[in-house]
Amino acid sequence: MISLEKIQVSFGGFDLLRESSFLIQRDDRIGLIGKNGAGKTTLLKLIAGLLAPNQGEVIIPKDTVVGYLPQEMKTVDSRTVLGETVWAFEEILEIEKKISTVQHEISVATDYHSDDYLKKLDQIAELNERYSLLGGDTYHVNIEQTLLGLGFERSDFERLTSEFSGGWRMRIELAKLLLKRPDVILLDEPTNHLDIESIQWLENFLKNYKGAVVLVSHDKAFLNAVCTRTLEITLGKITDQKMNYSSFVKWKAEQREVQLAAYRNQQKMIEDTEKFIERFRYKATKAVQVQSRIKQLGKLERIEVEDEDKSAIKIKFPSAPRSGRVVLDAKNISKLYGNHLVLDNVNLLIESGDKVAFVGRNGEGKTTLVRIILQQIGYQGIMKEGHQVKIGYFAQNQAQLLNEEKTVLETVDEVATGDARTKIRDLLGAFLFSGDDTGKKVKVLSGGEKSRLAMIRLMLEPVNLLVLDEPTNHLDMKSKEILKEALIDFNGTLIVVSHDRDFLDGLVSCVYEFRNKKIKQHLGGIYEFLQKKQMVTLKELETANRAKQAAWNLHENSILQAGAISYEEQKKINRNISRLEKQVSRTEEIIGKLEIKISEMDEILVSASGEDQNSFFEQYEGLKKELSLVMERWEEEHEELENWKSKKYW
Numbered sequence: 000m001i002s003l004e005k006i007q008v009s010f011g012g013f014d015l016l017r018e019s020s021f022l023i024q025r026d027d028r029i030g031l032i033g034k035n036g037a038g039k040t041t042l043l044k045l046i047a048g049l050l051a052p053n054q055g056e057v058i059i060p061k062d063t064v065v066g067y068l069p070q071e072m073k074t075v076d077s078r079t080v081l082g083e084t085v086w087a088f089e090e091i092l093e094i095e096k097k098i099s100t101v102q103h104e105i106s107v108a109t110d111y112h113s114d115d116y117l118k119k120l121d122q123i124a125e126l127n128e129r130y131s132l133l134g135g136d137t138y139h140v141n142i143e144q145t146l147l148g149l150g151f152e153r154s155d156f157e158r159l160t161s162e163f164s165g166g167w168r169m170r171i172e173l174a175k176l177l178l179k180r181p182d183v184i185l186l187d188e189p190t191n192h193l194d195i196e197s198i199q200w201l202e203n204f205l206k207n208y209k210g211a212v213v214l215v216s217h218d219k220a221f222l223n224a225v226c227t228r229t230l231e232i233t234l235g236k237i238t239d240q241k242m243n244y245s246s247f248v249k250w251k252a253e254q255r256e257v258q259l260a261a262y263r264n265q266q267k268m269i270e271d272t273e274k275f276i277e278r279f280r281y282k283a284t285k286a287v288q289v290q291s292r293i294k295q296l297g298k299l300e301r302i303e304v305e306d307e308d309k310s311a312i313k314i315k316f317p318s319a320p321r322s323g324r325v326v327l328d329a330k331n332i333s334k335l336y337g338n339h340l341v342l343d344n345v346n347l348l349i350e351s352g353d354k355v356a357f358v359g360r361n362g363e364g365k366t367t368l369v370r371i372i373l374q375q376i377g378y379q380g381i382m383k384e385g386h387q388v389k390i391g392y393f394a395q396n397q398a399q400l401l402n403e404e405k406t407v408l409e410t411v412d413e414v415a416t417g418d419a420r421t422k423i424r425d426l427l428g429a430f431l432f433s434g435d436d437t438g439k440k441v442k443v444l445s446g447g448e449k450s451r452l453a454m455i456r457l458m459l460e461p462v463n464l465l466v467l468d469e470p471t472n473h474l475d476m477k478s479k480e481i482l483k484e485a486l487i488d489f490n491g492t493l494i495v496v497s498h499d500r501d502f503l504d505g506l507v508s509c510v511y512e513f514r515n516k517k518i519k520q521h522l523g524g525i526y527e528f529l530q531k532k533q534m535v536t537l538k539e540l541e542t543a544n545r546a547k548q549a550a551w552n553l554h555e556n557s558i559l560q561a562g563a564i565s566y567e568e569q570k571k572i573n574r575n576i577s578r579l580e581k582q583v584s585r586t587e588e589i590i591g592k593l594e595i596k597i598s599e600m601d602e603i604l605v606s607a608s609g610e611d612q613n614s615f616f617e618q619y620e621g622l623k624k625e626l627s628l629v630m631e632r633w634e635e636e637h638e639e640l641e642n643w644k645s646k647k648y649w
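So the sequence shown is numbered by numbering that gives the first Met the number 0: it starts at 0 and just counts up by one.
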């Protein structure tokens, strides 16, 4: 569907992509991975047509629609949530206006036989047909389902987008993109602003999407759930494998061993050749051989090996100072922002050594409770901090609190004490700061780099309670693994607010769910919690269905016992109900087949022309008339069926 052929992208003399080629097929689910700065976002922009390569060609068929959601974008804040989202259906909205205009012109016309009047009738028929084809009859339902799936409440629909945070505005843009149903969806870190429930909804949507999906994400669980093909950008080249992320990582480890062996062999050969050249350079008898070896080296395609994987480095938090058994004891905590109640009489007990997760939809009060724990905001209720508790805190905006005039090394060095000072370079390297990076001033770093630097500072301070609010948003896969291992080994207490299931898996043993201004404790890991939540939902559904069936049976039995209908009459009614149900079912099958035929003909009709179109159109109109007659028959049968069902209780 989309072809990238021998793409080259260079910035300041550095080749970000070199001679890269690959093809995006109609049903692909592609995970685009690579180190920060490898060129993932650049590649998405190339596919989206927002960037042109220095060399090579991006071939996109004329009718192919590409939808792109970047990490950051400007949003319009003058409309309501619904008013902004509905612009995903811009063509439908335009057709609605045209239909309204033409209908008004028809309603005021008096010459019913003029060419102009007849043209307007044809125009309204064409507009209605196009309107239905684009989904005009169902687009309001689709908007509602998508917004609810992404975490909005119905009460949010009429609120101005300016009332929402940047993360929620990005959800609106994501909703618009998904509703447009492009042929290719490009997503750059879509889960950064989503909670666990919304991520799971998006997973299901993308897995069942009729089109191609290319996404950049550092969420391992999300990549594994959605993607069946992985593209990695390394050293300017693209590695393409038909497998999910976890399988790719195993495959790559095996390939690296093969590559390293080939690299070592080549380096030995180069070294031997250079020694030969140096030794016999000035001997006339060896001149031909020397020149041959020099040409051989010149033509040699050098094997490149990616820098050593620094994730093998074991990083540890400083040993936690001893605290009392009870670390936090919160009773009847409530918090209002103006008239908006966020937390309502919640209780929380955290003991020494606990590792817990705060999860729930955005806006349910997770960060609010964290700020109450840190005594950053006022509240109602009692929050007691245990004996000798020392808190280390990582906020979502922690990067903004760094001194921008200091270098990376100075920023870390000022908090390092004792043995930790000897590990500063290793720690910086593990979080992707190496070489000249350590001398950069904080003010020139990207948002992600600043977040990683803030995390390093936290890892050097001795505390016994770590409170982390979305710590993984700007970390790549390797950095997240390093942080997770360090937190598993941490001998203090941990509270982590996160939507990253893979990060939480094996790290926490208790989950606090924030819902409807309350919190509920779930013992066990994150996947046990998610499984339990799914089972609870199914049980609620089964219970409701059983209750409905029981009420129906009770109602039916009470009428029969009252002797309202004789046994023979009851048999007759049941026979008629059974006959009509089969009849209705058969008619519905006929309707379904006719609708499929008409739908197929809709597609063919677009490309048909001339005389072929005239004969084809007659057949098309015939099918539509037949469908109309069958629909009338179905209505009559359905009405008769309902009448017989109602007789059951006369």
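No residue lacks a Cβ here, since even glycine has one placed at the ideal position from N, Cα and C.
Predicted model only: the values in this text are computed from it and were never measured.
Does the beta-carbon distance from residue i to residue j come in below 8 Å?
i	j	result
Thr160	Asp76	yes
Phe204	Leu177	yes
Asp504	Gly524	yes
Arg370	Ser351	no
Val414	Arg456	yes
Tyr262	Leu185	no
Val304	Val183	no
Gly150	Ser197	yes
Leu464	Ile518	no
Val289	Ile302	no
Ile372	Val466	yes
Ala668	Arg25	This structure cannot settle anything about residue 668, because the visible part of the chain is limited to 0 through 649.
Ile481	Glu231	no
Val462	Phe357	no
Met458	Leu431	no
Ala47	Lys179	no
How long is the line joining the alpha carbons of residue i and residue j, rounded to whole angstroms?
i	j	result
Val388	Ala394	19 Å
His498	Met169	16 Å
Ile94	Leu126	7 Å
Cys509	Lys354	7 Å
Gln199	His217	15 Å
Glu638	Ser577	14 Å
Leu234	Leu16	8 Å
Met382	Asn346	9 Å
Ser98	Thr84	With the sequence shown as reference, residue 98 is identified as Ile, and Ser is not the correct amino acid for it. Going by the C-alpha atoms only, they are around 22 Å apart.
Lys285	Thr272	13 Å
Thr492	His192	26 Å
Val225	Trp643	49 Å
Using a Cβ-Cβ cut-off of 6 Å (strictly less than) and excluding sequence neighbours within five positions of residue i, which residues of its own chain qualify?
i	result
Gly82	none
Val57	Leu3, Leu45
Lys241	Arg228
Lys334	Val341, Leu342, Thr367, Tyr378
Gln440	Note on residue identity: the sequence assigns Lys, not Gln, to residue 440. Thr406.
Gln54	Gln7
Leu22	Ser2
Met630	none
Arg451	Phe430
Helix, strand or coil for residue i? Go by DSSP, reduced to three states.
i	result
Val64	coil
Lys348	Reading off the sequence shown, one finds Leu at residue 348, where the question assumed Lys. Reduced to three states, the DSSP call for Leu348 is strand.
Ser445	coil
Glu631	helix
Val257	helix
Lys383	strand
Asn223	helix
Gly359	strand
Asp114	helix
Ala211	strand
Asp27	coil
Ser333	strand
His103	helix
Which residues in the same chain as residue i place their Cβ atom closer than 8 Å to its Cβ, once the five residues preceding and following it in sequence are excluded?
i	result
Lys442	Glu403, Glu404
Thr63	Met0, Ile1, Asp182, Val183
Val583	Trp633, Glu636, His637, Leu640
Give me, in chain order, the residues of the same chain whose beta-carbon lies closer than 7 Å to that of residue i; leave out the 5 immediate sequence neighbours on both sides.
i	result
Gly609	Note that Gly609 scores a pLDDT of 49, beneath 50, so its modelled location is shaky; the value from the coordinates is reported in the next line. Counting only Cβ-Cβ distances below 7 Å, and skipping sequence neighbours, we find nothing.
Leu506	Lys354, Lys483, Leu486, Ile487
Ser291	none
Enumerated in chain order, which unbroken segments of the beta strand (DSSP E) with a length of 3 residues or greater are wholly contained in the region 120–200? Listed in chain order, the complete beta strand (DSSP E) runs (minimum 3 residues) inside the region 120–200 are 183–187.
Where in the region 409–492 do unbroken runs of the beta strand (DSSP E), each at least 3 residues long, occur, reported from the N-terminal end onward? Assignment of beta strand (DSSP E) within the region 409–492, counting only whole runs of 3 or more residues, yields 464–468 in chain order.
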